[in-house]
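Down below is the structure, laid out as structure tokens.
Protein chains: 2
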Amino acid sequence: MAQRPTMHDVAAAAGVSQAVVSIVLSGSYAGRASETTAQRVRDAASQLDYRPNLQAKSLKTGVAEIIGLVGDEVATAPFSGMLIKGAQDRAWQDDHMLMTIDTGGDDALEHAAIRTMLSHRVRGVIYAAMYHREVEIPAAALTTRAVCLNAKERENRVPSVTPDEVAGGYEATKVLLDAGHTRIAMINIHDVLPAGRGRREGYERALREAGIDPDPALICGGEGIQRSGFKASRHLMSLDSPPTAIFCGNDRSALGAYQALAELGLRIPEDVSIVGFDDQDLLRDFFHPPLTTVRLPFAEMGDRAAALVLDSDAPAEVHLIHCPVIHRQSVAPPKGR
Amino acid sequence: MAQRPTMHDVAAAAGVSQAVVSIVLSGSYAGRASETTAQRVRDAASQLDYRPNLQAKSLKTGVAEIIGLVGDEVATAPFSGMLIKGAQDRAWQDDHMLMTIDTGGDDALEHAAIRTMLSHRVRGVIYAAMYHREVEIPAAALTTRAVCLNAKERENRVPSVTPDEVAGGYEATKVLLDAGHTRIAMINIHDVLPAGRGRREGYERALREAGIDPDPALICGGEGIQRSGFKASRHLMSLDSPPTAIFCGNDRSALGAYQALAELGLRIPEDVSIVGFDDQDLLRDFFHPPLTTVRLPFAEMGDRAAALVLDSDAPAEVHLIHCPVIHRQSVAPPKGR
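Note that the protein sequences, when read in sequence, are chains A and B. Position 56 of the first sequence, counted from 1, bears residue number 55 in numbering that gives the first Met the number 0, the numbering being contiguous throughout. Position 166 of the second sequence, counted from 1, bears residue number 165 in numbering that gives the first Met the number 0, the numbering being contiguous throughout.
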């Protein structure tokens with residue numbers, strides 16, 4: 000399943016706010032949006048194949064069974080909404096309701112949340128993390144069907160659903176190799192986390208496959224924030240033999256790289272090519288030119304986790320979800336080619 | 000209650016990612032973050048008085064009663080996380096669990112969600128909207144204690160909690176009047192929505208109180224997006240007698256105003272003062288200089304809604320929550336003063 004378009008996507012495509020999309024698509028926009036605007040919204044929705052939600056088979060009558068989702072900070076992390084949306088769409092399609100409890104990362108509250116869910120006889124529990132990491136699932140959750148989402152269960156006692164960070168890093172680097180680059184730097188995010196570790200592993204694997212030894216001088220550590228990308232890019236471009244392309248471990252670092260290159264008078268992609276990671280919705284408008292990046296497949300991950308709750312025969316293994324490359328305009332062949 | 004700092008705020012203050020804040024504050028950062036970084040995070044957390052969550056009185060033992068939250072697109076709207084967080088913190092403090100169901104705006108699913116919650120004997124239901132608007136609460140919800148959040152119930156059958164848009168618009172305009180401005184423009188968002196209507200009413204009221212007749216030439220309509228702010232600002236600055244200050248109906252419009260003014264070679268705040276509205280977290284870094292704006296008090300609103308569910312004697316009226324001005328650096332006296 001490709002990542003489904005959201006109301007935000009429709010709003011962006013039509014150049015209006017989400018409120019207007021909602022008004023127009025609900026049909027009650029008379030006097031509140033012009034016919035021209037309404038048509039623009041409908042066109043965007045139809046072009047993107049936007050549907051407010053999938054149709055539940057029979058959920059519309061009667062009371063539904065519940066799948067519980069317990070998350071650490073899912074309510075406040077900006078990107079985790081799609082984890083919930085993916086799980087909820089799958090739950091609906093299979094005649095279940097998704098009920099979410101956010102625990103703020105507090106262990107005691109997490110236990111209370113799981114006990115409360117169990118007392119309500121949920122069909123199963125999705126245990127979701129705000130950022131990809133290893134977790135130990137609370138023992139109480141093991142008394143029902145449990146699945147880890149955006150997290151790997153340390154002892155593989157239950158199925159886990161995580162992004163395929165290694166393949167993502169590999170494909171990001173391949174985009175740059177395929178464009179003809181050979182001096183490709185990486186500005187990583189924390190490499191103690193599965194995301195940083197995996198993306199770097201994919202980067203090095205792609206280079207080696209292309210017959211290139213990863214050059215430690217071209218691999219910068221970072222903290223996954225704009226400033227790290229900025230500082231690392233300045234450093235990289237000051238090398239005697241600077242890279243012609245940079246794979247940034249996340250979009251925020253890429254934004255810092257864009258700023259550093261602009262200050263140095265270097266153009267993207269003519270002088271330096273950039274690939275990011277995450278495809279963060281809310282940063283998208285700030286990249287000129289638009290950033291080629293790798294999408295974290297949150298909706299697909301949520302979908303898979305809910306499906307695994309309902310498929311009690313599925314083995315307790317790690318289900319890696321593919322992170323697709325989103326081709327935009329920040330990659331070109333190196334100069335002189 | 001002031002808006003409580005989030006992990007995002009701590010991360011921003013310490014210049015690290017949320018993941019690092021989480022690692023450091025959980026205490027298990029050995030080998031994963033340097034002691035310097037850890038200290039920076041702890042300092043930021045202590046300066047901001049960040050607490051991962053409020054302590055529940057007795058939630059840590061036993062099974063909790065549930066407050067249900069039914070939202071249209073709360074899981075995916077970028078700013079609605081704090082509505083949920085505010086409600087959940089209040090619920091915890093009063094020994095309840097908050098369970099959220101997102102309906103994607105589909106009426107049939109909304110009914111199924113409410114029926115499902117009722118069958119689980121929730122203590123009450125918070126009916127939450129992604130953006131401030133008028134709603135008609137589903138009849139089924141009236142069989143339990145119901146409260147509308149970020150929405151006004153059309154017939155005042157239940158308590159509603161909404162931002163005080165009028166007072167927010169008034170105070171935003173007062174900031175500019177107090178700095179000495181008299182030609183103050185407004186770039187509004189949709190004025191068919193309570194937000195646009197209310198903010199404009201507050202703007203006009205503040206001007207009239209200062210003895211200034213609102214000048215229709217200085218009031219621009221807009222769609223609450225960057226482009227509207229950009230176009231309206233260009234238009235305003237091309238007037239024979241341009242404004243010396245602009246109140247933007249939301250931060251996204253203000254971002255467009257910043258760009259237009261930069262292109263025209265005008266400095267903020269030396270040449271033109273700007274005030275925004277919303278205080279959107281994710282846009283904050285893109286304002287140079289930092290934007291003086293009005294904060295939508297989502298956490299307080301969620302807190303109040305949960306409190307109203309538990310206080311069954313509270314009358315079915317609209318509870319307006321104050322939107323505080325956040326003073327930053329985009330306002331100065333007009334030139335020549």
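No residue lacks a Cβ here, since even glycine has one placed at the ideal position from N, Cα and C.
Check	Outcome
For residue 285 (chain A), which residues in chain B fall below 9 Å Cβ to Cβ?	285
I need the straight-line Cα distance from residue 184 (chain A) to residue 223 (chain B), nearest angstrom please.	39 Å
Do residue 176 (chain B) and residue 206 (chain B) have their beta-carbon atoms positioned less than 9 Å apart in this structure?	yes
To test your reading of the DSSP string, which unbroken alpha helix (DSSP H) runs of 4 or more residues are found completely within the region 145-184 of chain A?	164-177
By the criterion of Cβ-Cβ separation under 7 Å, what are the contact partners of residue 222 (chain B) in chain A?	15, 16, 19
Which runs of the beta strand (DSSP E) at least 3 residues long sit entirely within the region 212-277 of chain A? Give them in chain order.	244-247, 272-274
DSSP state of residue 95 (chain B), grouped into three classes?	strand
Nearest to residue 157 (chain B) by alpha carbon, out of B:310, B:325, B:324?	B:310
Report the neighbours of residue 154 (chain B) on chain D: residues whose CB is nearer than 7 Å to its CB, in chain order.	Given the protein chain composition of this structure (A and B), no chain D is represented.
Give every residue of the same chain whose Cβ lies closer than 7 Å to the Cβ of residue 168 (chain A), excluding the five residues on either side of it in the sequence, and list them in chain order.	197, 198, 199, 200, 201, 202
Determine, for residue 130 (chain A), whether the minimum Cβ-Cβ distance to residues of chain B falls below 9 Å.	yes
Check this for me: beta carbons of residue 173 (chain B) and residue 317 (chain B), under 9 Å apart or not?	no
Does the Cβ of residue 17 (chain B) have 16 or more other Cβ atoms within 10 Å, making it buried, or fewer, making it exposed?	buried
Just list the residues that DSSP pairs residue 101 (chain A) with in beta bridges.	A:70
For the region 308-334 of chain A, which residues have a beta carbon sitting closer than 8 Å to at least one beta carbon of chain B?	none
Beta strand (DSSP E) containing residue 126 (chain A): first to last residue?	123-134
Does residue 191 (chain B) get closer than 9 Å to chain A when you measure Cβ to Cβ?	yes
Looking at the unbroken alpha helix (DSSP H) that takes in residue 108 (chain A), where does it start and where does it end?	106-118
Ordered along the chain, which non-local residues of its own chain (more than five positions away) have a Cβ less than 6 Å from that of residue 93 (chain B)?	309
Relative to the C-alpha of residue 131 (chain B), which candidate in B:187, B:295, B:32, B:90 has its C-alpha closest?	B:295
Under 8 Å: do the region 125-139 of chain B and the region 102-117 of chain B share three or more Cβ pairs, one atom per stretch?	yes
So, do the region 265-281 of chain B and the region 213-221 of chain B have three or more beta carbon pairs nearer to each other than 8 Å?	no
Mapping DSSP to helix, strand and coil, what is residue 330 (chain A)?	coil
Say whether chain B places a C-beta atom closer than 9 Å to the C-beta of residue 37 (chain A).	no
Is residue 327 (chain B) closer than 9 Å to residue 292 (chain B) when the C-beta atoms are compared?	yes
Using only the alpha-carbon positions, how far apart do residue 48 (chain A) and residue 20 (chain A) sit?	14 Å
Contact criterion: CB-CB distance below 9 Å. Does residue 305 (chain B) meet it with respect to chain A?	no
Show which residues of chain A have a CB atom less than 7 Å away from the CB atom of residue 72 (chain B).	6
Hey, would you say residue 70 (chain B) sits closer than 9 Å to residue 79 (chain B), going by beta carbons?	yes
So, is the C-beta of residue 119 (chain A) closer than 9 Å to a C-beta in chain B?	yes
Going along chain B in order, which residues have a C-beta closer than 8 Å to the C-beta of residue 65 (chain A)?	115, 119
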